[in-house]
Amino acid sequence: MRVLFINVYSLENAYQLWEKGISGSHHVWGKVELDSNGKLETIILPHIKYPLLNRIGKWFGIGFLDQQIRVLLSLKKFDVLYSPYSSGNTKFLSVLKLFGLFRKPIVVTLHQPYFGAKHKHLSIIHFFRKKMFSSYDACIFLSPKLKKDTLREFNLDVKGNAKYSLTQWGPDQSWIKKYAHHLLPREQCTYFISAGHTDRDFETLIEAFRGLDFKLKIFCTPKSIPKYVNLPKNVYLNWDVTRSQDLIDEYKHSIAILIPLKYPKHKEGCQGMTSLQDVVVHRKPTIMTKNLSINIDVEKEGFGMFVPMYDVLAWKKLLTHIHDNQEAWEKMCVNSDRVLREKFNSKIFGDHLEKVILKVGKSNPKS
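Going letter by letter, the sequence shown gives residues 22 to 388 in this note's numbering.
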């Protein structure tokens, strides 16, 4: 059975980084694990070939039209289409599928709200988008709440519907072993660290460190540089280093990895999910903005704590607690390592993806 991978960022580049040992397999969204298991043949569609088609697609609100046209030209080369970002690059195909013009099975993962799910007041548009969502042959949700909310928004059966499943997307343990360090003693961990760019609230975090005696290192992108004029002396800001591999030594010497978030309620999804992978990879504690849709509960698992959005005082309180309480810090480090091994890694995701694709493929032998 042949599976064609399409994505909103270059999977061929992500795969090359994995081959070179620069990045983990989780950024290739299951391909490495499927290849290792040997039950499926995986093919990555080159990310961009005809940029003009993408520009045309934007006029009609269709992202990555280039990819979708090339999928239609490759129907004999695959049996199942897989997209980790659902509507991001399958909108045109799902419309065609809705009208019976595209019959290949589509499997998607969902870690953000499905487009249009919040437009119930536009009944015709909502009805049409519900039909498009239902055209997927299988949807793998990465968050229990996101699954519940999405199916409820579209008035779909939450129980007993086999096409909607749930799993974890976690880091690549094989890659981790190449760079794993023994957890340093607490006295050698001398600062807090926060890295990322999507929906980050670095402004609140910076304000929380004002007046505290410990340091913060922020690693962001040029697009996510916090809007701050009077930066406290205990806060260091860097927007040149963004790859996890380049931050390994920085993470190693950190006390905890901080994940400050901000986003409107209707866009609540798995924000912070990638940073959580860095947390468990380096067996560190975390403090993060409360997100009910995150794919793993850091408080229940015992390796982190939540703070309300924009709450400077709550940040100050928990930062001081984790800085001063070595026993609590050590316990959270142990739990972080346990979660990586038992609940939150790329093999768990790959095994689940394989089961879903095999089931969908066998159900559509003539597609």
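Positions of the beta carbon are idealized from the N, C-alpha and C atoms, including for glycine.
Its Cα nearest to that of T310, the residue A229 stands out among L167, L38, A229.
M309 is bridged by DSSP to I280, F327. The residues L114, L117, in chain order, have a CB closer than 6 Å to that of F123 in the same chain once the five nearest residues on each side in sequence are set aside. Taking C-alpha positions only, L339 is separated from L226 by approximately 12 Å. Within the model, the alpha-carbon separation for K352 versus G323 is close to 8 Å. Pairing F99 with T219, the inter-Cα distance amounts to about 33 Å.
G217 is positioned such that its CB atom lies closer than 9 Å to that of S245. Contact between the region 171–179 and the region 235–244 is not established, with fewer than three Cβ pairs separated by less than 8 Å. DSSP places R23 inside the beta strand (DSSP E), whose first and last residues are 23–26. Three or more Cβ pairs closer than 8 Å define a contact, and the region 42–51 falls short of that threshold against the region 76–93. Pairing I161 with P247, the inter-Cα distance amounts to about 34 Å. By the criterion of a C-beta distance shorter than 8 Å, E54 is surrounded in its chain by S46, S367, K368, F370, G371, D372, L374, E375, once the five residues flanking it on both sides are discounted.
The beta-bridge partner set that DSSP reports for I127 consists of L102. Of all alpha-carbon atoms in D261, V101, W350, L177, the one lying nearest the alpha-carbon of F154 is that of L177.
Nearest in C-alpha terms to V360, of all of K305, G382, D332, L313, is K305.
Under the 10 Å beta carbon count, N110 is surrounded by 16 or more other beta carbons and is classified as buried. A residue is called buried when at least 16 other Cβ atoms come within 10 angstroms of its Cβ; H303 meets this threshold and is buried. Spanning the alpha carbons of S95 and L38 requires a straight line of approximately 26 Å.
In the three-state DSSP reduction, V256 falls in the strand class (E or B). Remark: C-beta atoms of F223 and P165 do not approach each other more closely than 9 Å.
Short of 8 Å from the beta carbon of K52, and not among the five residues preceding or following it, lie these beta carbons of its own chain, in chain order: F26, L32, Y36, S46, T63, I65. By the Cβ-count criterion, H342 is exposed, with fewer than 16 other Cβ atoms from all chains shown falling within 10 Å of its own Cβ.
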